[in-house]
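**Q**
Numbering (our numbering), first residue to last: 5 to 343.
1) Excluding the 5 residues preceding and the 5 following residue 74 in the sequence, name in chain order all residues of the same chain whose CB lies nearer than 7 angstroms to its CB.
2) Report the rounded CA-to-CA distance for residue 136 versus residue 339, giving the unit in angstroms.
3) Would residue 326 and residue 313 qualify as a contact pair, given that the criterion is a beta-carbon distance under 9 angstroms?
4) Can you give me the Cβ contacts of residue 54 inside the same chain, cut-off strictly under 6 angstroms, excluding the 5 residues immediately before and after it?
5) Take the Cβ of residue 253 as the centre, count every other Cβ of all protein chains shown within 10 Å, and call the residue buried at 16 or more, exposed below.
6) Is residue 224 closer than 9 angstroms to residue 159 when the C-beta atoms are compared?
7) When we look at the beta-carbon of residue 334 and count the other beta-carbons within 10 Å, is it buried (16 or more) or exposed?
8) Using the C-alpha atoms, what's the distance from residue 238 back to residue 194?
9) Near residue 311, which residues of its chain fall below 8 angstroms by C-beta distance, leaving aside the five closest residues on each side in sequence?
10) Can you tell which of 217, 204, 12, 205 has its C-alpha closest to the C-alpha of residue 109?
11) Considering Cα atoms alone, identify which of 23, 221, 316 is closest to residue 301.
12) Between the alpha carbons of residue 183 and residue 259, how many angstroms are there, rounded?
13) What distance in whole Å lies between the Cβ atoms of residue 56 and residue 152, which are believed to be in contact at a cut-off of 8 angstroms?
14) Does the Cβ of residue 11 have 16 or more other Cβ atoms within 10 Å, making it buried, or fewer, making it exposed?
15) With a 10 Å radius around its C-beta and 16 neighbouring C-beta atoms as the bar for buried, classify residue 60 as buried or exposed.
16) What's the call for residue 84, buried or exposed, on a 16-neighbour Cβ count within 10 Å?
17) Under DSSP, the alpha helix (DSSP H) around residue 186 begins and ends at which residues?
18) Assign residue 15 to one of three DSSP states: helix, strand, or coil.
19) With burial defined as no fewer than 16 other Cβ atoms inside 10 Å of the residue's Cβ, what is the status of residue 130: buried or exposed?
20) Taking only runs of the beta strand (DSSP E) that begin and end inside the segment 42-88, which ones reach a length of at least 3 residues, in chain order?
21) Determine, using beta carbons only, whether residue 145 and residue 125 come nearer to each other than 9 angstroms.
22) Under the three-state reduction of DSSP, which class applies to residue 38: helix, strand or coil?
23) Can you give the Cα-Cα distance for residue 215 and residue 26, rounded to whole angstroms?
24) Along the beta strand (DSSP E) that carries residue 148, what are the first and last residues, could you check?
25) Excluding the 5 residues flanking residue 14 on each side, which residues of the same chain have their C-beta closer than 8 angstroms to its C-beta?
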């Protein structure tokens, strides 16, 4: 176990914000985490888990304990003629797991290549890309209740997954800290290629797990800035889901508006398209701006504060609502301590 006081989080948030936490604790096992929870010195502290810090915005310094899981390990728990069940530690890098699956010829997560973050954070967020979400392969989740120290085992159904949402994000349930997840992967992969320009990108190539992974990595790198060079948290807003009737009205005015059917009565609209139509792509205000190649990415050009980024995001939300009548919701989690 590692415990630090007044610790800089600059390298634990991909916006590269110069914020600190009162305490920082890193642990390698469930036993170490449980021992920490039993320490009377920290029982009254607010605890916040951080993976690679790729989906959060620190508004100010954190007056509590930021915890970081280093629980590693991949074990094969079960095999059938058609699938394999893996148990994966929450501290593993998500993309390492995707690569591990692809190298072994197991399908189901290849479309989720090159998404930053750890396994635990991926399960909380229900990450998704190219028509696939992690909920499509998760079979169960293990977590420890930070208030009681007890371990819990959640079925996929109990996780209450939907678009960028899970049980672990709901009010009253954030005390559960994920320690491991169980993934069911396919021995005979069924490729999902009907999203975005993936089919076009693979034209002329032999379609394999590796070629899909390679194309997605290339595509993401061409559109997304490297946080090491330009602070960002990836997609800042969720793609809004609107009623079919509202979409029909928008379609009359914006004939080329892109969309994805969500259900018989709902349609998903790319948030990046809405933001770009409002003229924000490449726009900059001080140290905060929108990435020039992708309107869904808010960036820190250097020296920005969390409050400045949040204020800029609020401005975007208001302009988009005024023009389209659609409310954008942040995918990024705002983290702050009350003054």
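Backbone N, C-alpha and C define an ideal beta-carbon position, used for all residues, glycine too.
Quick caveat: nothing in here was measured; it's all calculated off a predicted structure.
**A** Well, looking at it:
1) 30, 31, 32, 95
2) Cα to Cα, residue 136 sits roughly 27 angstroms from residue 339.
3) no
4) 16, 70, 72
5) exposed
6) no
7) buried
8) Their backbone Cα atoms lie some 28 angstroms apart in a straight line.
9) Contacts found: 63, 64.
10) If we check each option's Cα against that of residue 109, 217 comes out closest.
11) 316
12) 47 angstroms
13) Taking the Cβ atoms as the reference, residue 152 lies roughly 27 angstroms from residue 56, outside the contact range of under 8 angstroms.
14) buried
15) buried
16) With fewer than 16 Cβ atoms within 10 Å of its Cβ, residue 84 is classed as exposed.
17) Not the alpha helix (DSSP H): residue 186 falls in the beta strand (DSSP E), residues 180-190.
18) Correct three-state label for residue 15: helix.
19) Buried.
20) 51-53, 60-62, 66-73, 78-83
21) Result no, Cβ atoms of residue 145 and residue 125 do not sit closer than 9 angstroms.
22) helix
23) 45 angstroms
24) That run of the beta strand (DSSP E) goes 142-149.
25) 20, 21, 22, 23
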